[in-house]
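Right, one structure below, let's go through it.
Number of protein chains: 2
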Amino acid sequence: MTNNTAFRDLMAFQRQTEALGLVAERLGWDQETMMPSGAADQRGEEMAAMEGMLHARRTDPRIADWLEAAEAPDAAGEAQVRLIRRSYDRAVKVPGDLAEALARLTSVAQGIWAEARAKGDVAAFLPTLAEVLALKRQEAAALAAGGDLYDALIDDYEPGATAENLGAMFGRMRPRLVALRAAVLEKPVPKALSGHFSAESQMRMARDLASAFGYDWSRGRIDLAVHPFSSGGGNDSRITTRVVETDPFNCFYSTIHEVGHSSYELAIDPDYGMTPIGHGCSMGVHESQSRIYENQIGRSRAFTGWMFQEMRDRFGAFDMPSEDAFFAAVNRVQPGFIRTEADEVHYNLHIMMRFDLERALIRGDLAVTDLEAAWNDRFKADFGVAVDTPAHGMLQDVHWSCGLFGYFPTYTLGNVYAGCLHQALRVAVPDLDSQLAKGDTSAATGWLRENLQRHGGLRTPRATIAHACGFEPHEGPLLDYLETKFAGLYGL
Amino acid sequence: MTNNTAFRDLMAFQRQTEALGLVAERLGWDQETMMPSGAADQRGEEMAAMEGMLHARRTDPRIADWLEAAEAPDAAGEAQVRLIRRSYDRAVKVPGDLAEALARLTSVAQGIWAEARAKGDVAAFLPTLAEVLALKRQEAAALAAGGDLYDALIDDYEPGATAENLGAMFGRMRPRLVALRAAVLEKPVPKALSGHFSAESQMRMARDLASAFGYDWSRGRIDLAVHPFSSGGGNDSRITTRVVETDPFNCFYSTIHEVGHSSYELAIDPDYGMTPIGHGCSMGVHESQSRIYENQIGRSRAFTGWMFQEMRDRFGAFDMPSEDAFFAAVNRVQPGFIRTEADEVHYNLHIMMRFDLERALIRGDLAVTDLEAAWNDRFKADFGVAVDTPAHGMLQDVHWSCGLFGYFPTYTLGNVYAGCLHQALRVAVPDLDSQLAKGDTSAATGWLRENLQRHGGLRTPRATIAHACGFEPHEGPLLDYLETKFAGLYGL
Numbered sequence: 063m064t065n066n067t068a069f070r071d072l073m074a075f076q077r078q079t080e081a082l083g084l085v086a087e088r089l090g091w092d093q094e095t096m097m098p099s100g101a102a103d104q105r106g107e108e109m110a111a112m113e114g115m116l117h118a119r120r121t122d123p124r125i126a127d128w129l130e131a132a133e134a135p136d137a138a139g140e141a142q143v144r145l146i147r148r149s150y151d152r153a154v155k156v157p158g159d160l161a162e163a164l165a166r167l168t169s170v171a172q173g174i175w176a177e178a179r180a181k182g183d184v185a186a187f188l189p190t191l192a193e194v195l196a197l198k199r200q201e202a203a204a205l206a207a208g209g210d211l212y213d214a215l216i217d218d219y220e221p222g223a224t225a226e227n228l229g230a231m232f233g234r235m236r237p238r239l240v241a242l243r244a245a246v247l248e249k250p251v252p253k254a255l256s257g258h259f260s261a262e263s264q265m266r267m268a269r270d271l272a273s274a275f276g277y278d279w280s281r282g283r284i285d286l287a288v289h290p291f292s293s294g295g296g297n298d299s300r301i302t303t304r305v306v307e308t309d310p311f312n313c314f315y316s317t318i319h320e321v322g323h324s325s326y327e328l329a330i331d332p333d334y335g336m337t338p339i340g341h342g343c344s345m346g347v348h349e350s351q352s353r354i355y356e357n358q359i360g361r362s363r364a365f366t367g368w369m370f371q372e373m374r375d376r377f378g379a380f381d382m383p384s385e386d387a388f389f390a391a392v393n394r395v396q397p398g399f400i401r402t403e404a405d406e407v408h409y410n411l412h413i414m415m416r417f418d419l420e421r422a423l424i425r426g427d428l429a430v431t432d433l434e435a436a437w438n439d440r441f442k443a444d445f446g447v448a449v450d451t452p453a454h455g456m457l458q459d460v461h462w463s464c465g466l467f468g469y470f471p472t473y474t475l476g477n478v479y480a481g482c483l484h485q486a487l488r489v490a491v492p493d494l495d496s497q498l499a500k501g502d503t504s505a506a507t508g509w510l511r512e513n514l515q516r517h518g519g520l521r522t523p524r525a526t527i528a529h530a531c532g533f534e535p536h537e538g539p540l541l542d543y544l545e546t547k548f549a550g551l552y553g554l
Numbered sequence: 063m064t065n066n067t068a069f070r071d072l073m074a075f076q077r078q079t080e081a082l083g084l085v086a087e088r089l090g091w092d093q094e095t096m097m098p099s100g101a102a103d104q105r106g107e108e109m110a111a112m113e114g115m116l117h118a119r120r121t122d123p124r125i126a127d128w129l130e131a132a133e134a135p136d137a138a139g140e141a142q143v144r145l146i147r148r149s150y151d152r153a154v155k156v157p158g159d160l161a162e163a164l165a166r167l168t169s170v171a172q173g174i175w176a177e178a179r180a181k182g183d184v185a186a187f188l189p190t191l192a193e194v195l196a197l198k199r200q201e202a203a204a205l206a207a208g209g210d211l212y213d214a215l216i217d218d219y220e221p222g223a224t225a226e227n228l229g230a231m232f233g234r235m236r237p238r239l240v241a242l243r244a245a246v247l248e249k250p251v252p253k254a255l256s257g258h259f260s261a262e263s264q265m266r267m268a269r270d271l272a273s274a275f276g277y278d279w280s281r282g283r284i285d286l287a288v289h290p291f292s293s294g295g296g297n298d299s300r301i302t303t304r305v306v307e308t309d310p311f312n313c314f315y316s317t318i319h320e321v322g323h324s325s326y327e328l329a330i331d332p333d334y335g336m337t338p339i340g341h342g343c344s345m346g347v348h349e350s351q352s353r354i355y356e357n358q359i360g361r362s363r364a365f366t367g368w369m370f371q372e373m374r375d376r377f378g379a380f381d382m383p384s385e386d387a388f389f390a391a392v393n394r395v396q397p398g399f400i401r402t403e404a405d406e407v408h409y410n411l412h413i414m415m416r417f418d419l420e421r422a423l424i425r426g427d428l429a430v431t432d433l434e435a436a437w438n439d440r441f442k443a444d445f446g447v448a449v450d451t452p453a454h455g456m457l458q459d460v461h462w463s464c465g466l467f468g469y470f471p472t473y474t475l476g477n478v479y480a481g482c483l484h485q486a487l488r489v490a491v492p493d494l495d496s497q498l499a500k501g502d503t504s505a506a507t508g509w510l511r512e513n514l515q516r517h518g519g520l521r522t523p524r525a526t527i528a529h530a531c532g533f534e535p536h537e538g539p540l541l542d543y544l545e546t547k548f549a550g551l552y553g554l
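The listed protein sequences derive, respectively, from chains A and B.
Here the first sequence stands for residues 63 to 554, where the numbers follow this note's numbering.
Here the second sequence stands for residues 63 to 554, where the numbers follow this note's numbering.
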């Protein structure tokens, strides 16, 4: 076996694994959008069979031999080898029966969580959460090999990130966010959007918003889902949204957010298709794309001005006096229980709270039986409001039931990266606002495509951001952006 | 390894293979209904990866060991072992590189066929057809092991059927069909349905027709597809239909046909779910269900009477004077080029022609370069009309481009089986017509469910029909039914 042959064989094997992974992802999409309800149990078996098969491929002993012999022909090849080695090393560290037990448990646990949330019954969820946590701690121990358990889990979503670095960054962000929040909340609350906006018209506008952000309909589609998500990659990346007839912003900004995720996948260099570097390079970098589409662009004064006129054309006159009032309504700051509905000022405070709580859970410093009290105490302290029901508290997010510990911090990391990218974008495209005011995002999305999206997983997450921005990522630009934006909006 | 352990291990392995097979089938459904057009190439790779993985499982050498040691605990277990042995024996006979070459070629060949058909360019398709044929003949030779090549291919779709038996049956059917056709064509052509029927109303009625035939919406759904099909099994079997606004019968009878297929899958004993006997037992038996739903029930005087009133309620008055005239319009006999649009009198003549032609191709008695002339000569002789364009002739069906040689005869076999089942059903439910006249198919579908559908692949195809009917299947009942029905309609 020559070195070139080993690399080629490795990549051919990997290409099939990637194809099968895309199939599994499509199956997940189907489950949330198309599947008849009576097919749920059968689908569980189908997913388990796919996961079992994929796990067998990811731990195939031939990979070790190929990796040992492979010599990458170029920088992209080196990145491929790096990612395959990383995935293989992680996969073989976790015993097969543990991986299987986790897959089985978390698929059931989601249903138990959903039922507990609907009933507001924390006690009904705790035994399951304890089981998930126990298995995740076993998994983390297997992965960490003596290192920090929580770091080992974070690394799955954000390679290279550590709890220490994230914690330090959150520590630097927190005082400025708290101060901004306090200043804003002293001011009068802007008028909210009200009225009835038909589902059909919302979906039509959602499609046009996706088009305005350059979504490639020949390689995607939009459907309804209870919890919006994007799915797939290569030449097939689909988005979902939801419709609340009294709250069109829910639909519109969910759509723009998911378009950010999908556009990233669709923009990756076709030469990387069906290979390890043919995906967004981390959860944090992925979230930076959805967030900059949604917030820095989609919630800007310029773009919301265009949106306001579009909405008037479509929905007739509604109760909002001006573009400025509309801009304020889009960016209304109010303490709320639900992370996914939080404004830009509160959002990262939600994440910091989850970060501290799940880190304590994984490290064994917090028992699941004490989680509800810890959540409610912290929420009262940070948000000034007492949690009224568990569905507004520790039962609000699906993540822990799925075993997604270490995922939450990537949301804030995504916001921080979006802040950096936005700063660089403003320098690169000085007249951005005049374009956004016409609903034209092409310069912004084009800059992101060229400088970040097309590179996929070629570089590490931080290097990906640094390459696009020309500076090392840090929290400063996001905080500056938030302080400037909300100072203007609230007359601070 | 005890015998019980071997059987259990075999079934556990098979269960996962079944689950993965269902995933591949769902992927096919997505391709025809949901997939964005730009994803086609990628989907080809995904399908190939699934097929490669499934082929590896079907030829896994452990299956031979398990089969040798396994002792089935009961009759169902014996049927499982029989089907697994059959599948394994066939799979290992075909060399892996041949199976792969066929998969790759036929996926490309479909596109070449579609383009050739659109351009009416036979020459553009012939080289590809020659390649497909050459590989299929190689495959047939590997499977036949010295026996008849065409028989080896038929056996894939209709275990136990042979060209000799089918040819003999077609020989017995042909004179009576030709005579019936001649007699009908001497009579005046009944009035056809005309008018414009909105797509939305057609789809609403298609849903209600599916409901009228007992389709289980909690385990299925309906979508649009260019060529209607049904897909999936167990607790997830979906149907598709199409809409032509000037021809609602196209939508309605496509829907009923696919409901027949899906209802069969959904009715199989849940204990057989995700196992080899948890599917319809052959293409012929499957087609018997779609055909009896569509023709013997759906095109009966009683049921069309109900449909006529339903259409008047939905579409307002349209140009059709009475239930009798509507019944005649539904069952209008006219020579036509296209098999899938053929009436009950002409349909089997289309099949007999394809049977003779493809049998000659596989046996090497007909060269692909002579196929068009052979087709056109035979069509003129059988249908009295000269083929005007290849899309109406040898390019009309996708089958040969997919390598589906030996599939066509199962359509007529399905009609023959439907004839048998209909005869037995009329005996079992003497007042069937009074129920159908109210749009109530529950006695008919209930009888089929109880006597045929729930058994899945427990018995061989002929034994399945014989078990339901109480007599060995033969062509007599179908021919009697056709002669009686069209004598009444045309006053013969």
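Note that beta-carbon positions come from the ideal geometry of N, C-alpha and C, so glycine has one too.
So, is Trp279/B buried or exposed, given that buried needs 16 or more other C-beta atoms within 10 angstroms?
exposed
CB contact check: Gln78/A to chain B, cutoff 7 Å
yes
CA-CA distance, Val407/A and Pro250/A?
16 Å
Thinking C-alpha only, which one of Leu255/B, Asp439/B, Arg283/B and Gln396/B is nearest Val306/B?
Leu255/B
Residue closest to Ala101/A, alpha-carbon to alpha-carbon, out of Glu320/B, Asp298/B and Gln351/B:
Asp298/B
One or two residues paired with Leu286/B in a DSSP bridge
Thr303/B
Beta-carbon separation (whole angstroms), Ala486/A vs Gln358/A, contact threshold 8 Å
11 Å between Cβ atoms; not a contact.
Using Cβ-Cβ distances below 9 Å, what residues of the segment 100-129 of chain A are close to chain B?
Gly100, Ala101, Ala102, Asp103, Gln104, Arg105, Glu107, Glu108, Met109, Ala110, Ala111, Met112, Gly114, Met115 and Arg119
Quick one: is Leu554/A buried, meaning 16 or more other Cβ sit within 10 Å of its Cβ, or exposed?
exposed
So for Gly501/A, helix, strand or coil by DSSP?
coil
Mind checking if Leu82/B is an interface residue toward chain A, Cβ cutoff 7 Å exclusive?
yes
Tell me which residue opens and which closes the beta strand (DSSP E) that Gly294/A is part of.
Ser292 to Gly295
Using a Cβ-Cβ cut-off of 7 Å, state whether Arg283/A counts as contacting chain B.
yes
Return the residues of the segment 237-252 of chain B that lie within a Cβ-Cβ distance of less than 9 Å from chain A, sorted by chain order.
none
Starting from Lys155/A, follow the alpha helix (DSSP H) in both directions and report where the run begins and ends.
Ala137 to Lys155
Could you tell me whether the Cβ of Ser280/B comes closer than 7 Å to any Cβ of chain A?
yes
Going by C-alpha to C-alpha distance, which of Ile301/B, Phe75/B and Asp333/B sits closest to Glu94/B?
Ile301/B
Throw me the rounded Cβ distance for the Ile354/A and Gly398/A pair, which I believe falls under 8 Å.
With a Cβ gap of about 23 Å, Ile354/A and Gly398/A do not count as contacting.
Comparing the C-beta of Asp159/B with each C-beta of chain A, is any distance below 7 Å?
no
I need the straight-line Cα distance from Asp542/B to Phe441/B, nearest angstrom please.
25 Å
Identify the contact partners of Val85/A in chain B, using a Cβ-Cβ distance below 7 Å as the criterion.
Val85, Leu89, Glu108 and Met112
Got a sec? Which residues, its chain only, sit under 6 Å from Cys313/A by beta carbon, not counting five neighbours each side?
Gln264, Ala268, Thr303 and Val305
So, is the C-beta of Gly295/B closer than 7 Å to a C-beta in chain A?
no
Determine the contact status of Glu80/B and Met336/B, defining contact as a CB-CB distance below 7 Å.
yes
Rounded to whole angstroms, what's the CA-CA distance from Gly426/B to Arg105/A? Just pull it up for me.
45 Å
Rounded to whole angstroms, what is the Cα-Cα separation between Ala241/A and Asp103/B?
53 Å
In this structure, what does DSSP give as the bridge partners for Asp298/A?
Gly295/A
Should Asp298/B be flagged as near chain A, meaning a C-beta pair shorter than 7 Å?
yes
I need the boundaries of the alpha helix (DSSP H) containing Trp128/A, first residue and last residue.
Pro123 to Ala131
Could you tell me whether the Cβ of Pro221/B comes closer than 7 Å to any Cβ of chain A?
no
In angstroms with no decimal places, state the Cα-to-Cα distance between Arg199/B and Leu72/A.
34 Å
Can you say whether Lys547/A is buried or exposed, counting buried as having 16 or more other CB atoms within 10 angstroms of its CB?
buried
In angstroms with no decimal places, state the Cα-to-Cα distance between Leu433/A and Leu205/A.
25 Å
Closer than 8 Å by beta-carbon distance: list the chain B residues that pair up with Asp92/A, in chain order.
Arg88 and Asp92
Candidates Gly282/A, Ala68/A and Arg77/A: which alpha carbon is nearest Pro338/A's?
Arg77/A
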